[in-house]
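Number of protein chains: 2
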Amino acid sequence: MELRLQSPLDMHLHLRDKDMLRTVAPLSAKSFAAALVMPNLVPPVTSKEMVLSYKRRIQEAVGQEKFEPYMTLFFRSEYDYAFLSEVKEDILAIKLYPAGITTNSEDGVDNFSIEALAPTLEAMSELGIPLCVHGETNGFVMDREAEFIPIYERLAKRFPQLKIIMEHITTKEAVDALVRYENLYATITLHHLYITLDDVAGGLLRPHLFCKPIAKRPEDRMALRKVAFMAHPKVMFGSDSAPHPRDKKEAPGCAAGVFSAPVALAALAQLFEEAGVLENLQKFVSDNAQNIYGITPPKKEVKLVKEPFRVPPSYGDVVPMFAGETLEWRIEGVF
Amino acid sequence: MELRLQSPLDMHLHLRDKDMLRTVAPLSAKSFAAALVMPNLVPPVTSKEMVLSYKRRIQEAVGQEKFEPYMTLFFRSEYDYAFLSEVKEDILAIKLYPAGITTNSEDGVDNFSIEALAPTLEAMSELGIPLCVHGETNGFVMDREAEFIPIYERLAKRFPQLKIIMEHITTKEAVDALVRYENLYATITLHHLYITLDDVAGGLLRPHLFCKPIAKRPEDRMALRKVAFMAHPKVMFGSDSAPHPRDKKEAPGCAAGVFSAPVALAALAQLFEEAGVLENLQKFVSDNAQNIYGITPPKKEVKLVKEPFRVPPSYGDVVPMFAGETLEWRIEGVF
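Chains as they are written, first to last, in my numbering: chain A, 3 to 337; chain B, 3 to 337.
1. Taking Cβ to Cβ, would you say Thr198 (chain A) is nearer than 7 Å to Arg223 (chain A)?
2. Specify, as a first and last residue, the run of the beta strand (DSSP E) that Arg6 (chain A) falls within.
3. Return helix, strand or coil for Gly326 (chain A), following the three-state DSSP convention.
4. Count the other CB atoms, across all protein chains shown, that sit within 10 Å of the CB of Thr74 (chain B); report buried if there are 16 or more and exposed otherwise.
5. Using a Cβ-Cβ distance under 7 Å, would Ala120 (chain A) count as near chain B?
6. Hey, is the segment 306-314 of chain A in contact with the segment 21-31 of chain A, meaning 3+ C-beta pairs nearer than 8 Å?
7. Excluding sequence positions up to five away, which residues of its chain have a Cβ less than 7 Å from the Cβ of Ala233 (chain B)?
8. Mind listing, in chain order, the continuous beta strand (DSSP E) runs of no fewer than 3 residues lying wholly within the segment 280-308 of chain B?
9. Do you know how far the Cα of Asp242 (chain B) is from the Cα of Ser262 (chain B)?
10. Taking only beta-carbon atoms, is Ala291 (chain A) less than 7 Å away from chain E?
11. Can you give me, in chain order, the residues of the segment 137-157 of chain A that have a beta carbon less than 7 Å from any beta carbon in chain B?
12. Quick one: using the 10 Å Cβ neighbour count with 16 as the cut-off for buried, is Pro264 (chain A) buried or exposed?
13. Going by the beta-carbon positions, is the gap between Glu252 (chain B) and Pro247 (chain A) smaller than 7 Å?
14. Taking 7 Å as the limit between beta carbons, can you name the residues of its chain near Leu329 (chain A), skipping five residues before and five after?
15. Is Val93 (chain B) close to chain A, meaning its C-beta is less than 7 Å from at least one C-beta of that chain?
16. How is the beta strand (DSSP E) around Ile166 (chain B) delimited, first residue to last?
17. Could you say if the segment 137-147 of chain A and the segment 203-223 of chain B meet the contact criterion of at least three C-beta pairs nearer than 8 Å?
18. Within the segment 237-267 of chain B, note down every full beta strand (DSSP E) run reaching 3 residues or more, in order along the chain.
19. Using a beta-carbon distance cut-off of less than 9 Å, what residues from the segment 181-212 of chain B approach chain A?
20. Indicate whether the contact test is met: 3 or more Cβ pairs, each with one atom in the segment 148-155 of chain B and one in the segment 169-176 of chain B, closer than 8 Å.
21. Hey, is Pro220 (chain A)'s beta-carbon within less than 7 Å of any beta-carbon in chain B?
22. Return helix, strand or coil for Glu70 (chain A), following the three-state DSSP convention.
23. My parser needs the alpha helix (DSSP H) runs of 4 or more residues fully inside the segment 113-197 of chain B; what are they?
24. Would you kindly work out how many angstroms separate the C-alpha atoms of Met40 (chain B) and Ile93 (chain B), rounded to a whole number?
25. Bridge partners for Tyr317 (chain A) per DSSP, in chain order?
26. What three-state label does DSSP hand Pro310 (chain B) in the structure shown?
27. Could you check whether the segment 119-129 of chain A touches the segment 185-194 of chain B, counting it as contact only if at least three pairs of C-beta atoms, one from each stretch, sit closer than 8 Å?
28. The segment 236-269 of chain A: which residues have C-beta closer than 9 Å to a C-beta of chain B, in chain order?
29. Using a C-beta to C-beta distance shorter than 9 Å, which residues of chain B count as neighbours of Ile96 (chain A)?
30. Determine the direct distance from the alpha carbon of Glu80 (chain A) to that of Ala120 (chain A), and round the result to whole angstroms.
31. Rounded to the nearest angstrom, what separates Ala36 (chain B) and Phe337 (chain B) at their Cα positions?
32. Check Leu206 (chain B) in the structure and name its three-state DSSP category.
33. In chain order, what are the residue ranges of uninterrupted alpha helix (DSSP H) at least 4 long that sit wholly in the segment 19-50 of chain B?
34. Between which two residues does the beta strand (DSSP E) holding Lys97 (chain B) run?
35. Which residues in chain A have a C-beta closer than 9 Å to the C-beta of Ile166 (chain B)? List them in chain order.
36. For Ala244 (chain A), I'd like the list of residues in its chain whose CB is within less than 8 Å of its CB, leaving aside the five on either flank, ordered along the chain.
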């Protein structure tokens, strides 16, 4: 059995910088035609120069492979219309982090008074720049996303022309909100389609599956699977693949993040085939994102075959999801 | 400020065996007059000979310190009246584990058809041997204890003379059940009074706080605190202190268990003082257990003073709760 995916897209990707960038960027470029690259470097990506420089470093790390890094800015309420007009051609979206919520987000937004954000969001709305949001409060870890839903709703109502992407949604509540507001969209990760908190902490503790937002309840996973498997037009694949060196994951104070980019397409094919919806994977990993963002990614065909894929124990010093396990699909070639 | 505790008791303690036993037993003996020692060794403690031999090994490990190890048997539905009559004088309780639920419980009970357990439980009831239960199902990790409550209720109704101790309760549901049935009692750990899932996985992942039952929600902790702080006569302190070598905790596949025995009394004094209920600690750490179990522990006065206690980074190769932190109380002497 084989599957040909046209221009698969990863609409939420962490590539980091320097050595880590050089390790992981080629792995994403092997599977995907393009990816939306998160701006939470240290310091965060907040200027046209930083965007262009980071894009260049990504392209250098990728090398000859055909791969488009769609760039993002780290949201700041200081961005004005003039600044945004100038940077618009170089970015695809702006990413908003509530302060301190996840890796390298200390510098994020801590004021969800809409009026404080309004000038920037109005400018983005006028300029057609989508807003990507890490939607979690500082509440109890299992409730953070659900508690953030009212903020999504206020943003969606107040800025009806602004495309708002609820990033890496993990809950039934987020799925429900998605369909209530025309201008809300969502990315869903591989790992949140696969795991629940049980996989992280139900048996022995598995740090390589520890991520933010944390994996939730079985009924939440079911809600995510439902919209992903039907390739609901408002959802798209975003891996949130987040590499950390092994020694940062396998120690007390383990950092949050699952490194899934190199196994994502094979694992998605397996999951969608098991669900009997393999024909919907093309939309979930590419067409929906093209429609939502209005993009035409580089042409790239990825051919997967249903043959065992033994996932390496690590890529460099980064341990991938499914390390050492065997997936049922593998990438045979990229054309 | 000082606090004198008379014969403090730890009514749920893992002492392990061999080197680990020799590391941790003296630490419990320094703080406590006696402890109920769990039987989940490999193989589990299931005969009079094993009980007596384990007790001897504990006493050797403790040395000269005054300390009574109250012994338990690992529940088996094969135990009959004759066997139980013979072993009764050597044990204080029998501990029931659902199969595979926690460390070394693979050998536990997997059939909660009450009738399958009835002959043994009837014999225990007649002989006045309390039943200690690790009450979790195999369900979703946050629901396991709440899902087990109906089993507690069936047991409590069917065997009204049997004292049933809900071990290391973690939920509001368990607290509610406790007061509904006359013959249900509970132990509460130090760590479940202190932490929620947020402390384990809300920020960076903290394997040394990873335990089973997993720490729950803020409202659950509040329910536990309520009954502990009032020294509700049906609850007693049981640390569930569970030592694992550092390399088993600080690696993928981290084992469940918090090592709290050497810091328990100081941390409890701090918590009870902060809550303004220091005068209730005596009941929570000793008197209630004496009444519930009908025991008279060795006389031992532990004097605590409100002075900084810098918790060591480790005891042997076991990392304690609050490692490297400073508690507000310390044990000044034992008389």
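Ideal placement from N, C-alpha and C gives every residue a C-beta, glycine not left out.
Well, looking at it:
1. yes
2. 4-8
3. Three-state DSSP puts Gly326 (chain A) in coil, outside helix and strand.
4. Classified as buried, Thr74 (chain B) has 16 or more neighbouring CB atoms from the shown chains inside 10 Å of its CB.
5. no
6. no
7. Asn282, Lys285, Phe286, Asn290
8. 303-307
9. 8 Å
10. No chain E appears in the structure shown, which is made up of the protein chains A and B.
11. Phe142, Val143, Met144
12. Buried: at least 16 other Cβ atoms inside 10 Å.
13. No, the pair does not count as a contact, with Cβ atoms beyond the cut-off.
14. Val265, Ala268, Ala269, Gln272, Phe311, Val313
15. Sequence check: residue 93 (chain B) is Ile here, not Val. False, the Cβ-Cβ gap to chain A never drops below 7 Å.
16. 166-168
17. yes
18. As far as the segment 237-267 of chain B is concerned, its whole beta strand (DSSP E) runs of at least 3 residues are 237-239.
19. Thr198, Leu199, Asp200, Val202, Ala203, Gly204, Gly205, Leu206, Leu207, Arg208, Pro209, His210, Phe212
20. yes
21. yes
22. strand
23. 116-129, 146-160, 174-182, 192-196
24. In a straight line, the C-alpha of Met40 (chain B) is about 11 Å away from that of Ile93 (chain B).
25. A:Val320
26. Coil, per DSSP.
27. Taking 8 Å as the limit for Cβ pairs, the verdict is that the segment 185-194 of chain B does not touch the segment 119-129 of chain A.
28. Lys251, Glu252, Ala253, Pro254, Gly255, Cys256, Ala257, Ala258
29. Those within 9 Å of Ile96 (chain A) in chain B number zero; the least Cβ separation is about 26 Å.
30. 10 Å
31. 14 Å
32. coil
33. 20-33
34. 95-98
35. The premise fails here: Ile166 (chain B) is roughly 25 Å from chain A at the closest Cβ pair, so nothing lies under 9 Å.
36. His16, Thr105, Cys213, Ala258, Gly259, Val260, Phe261
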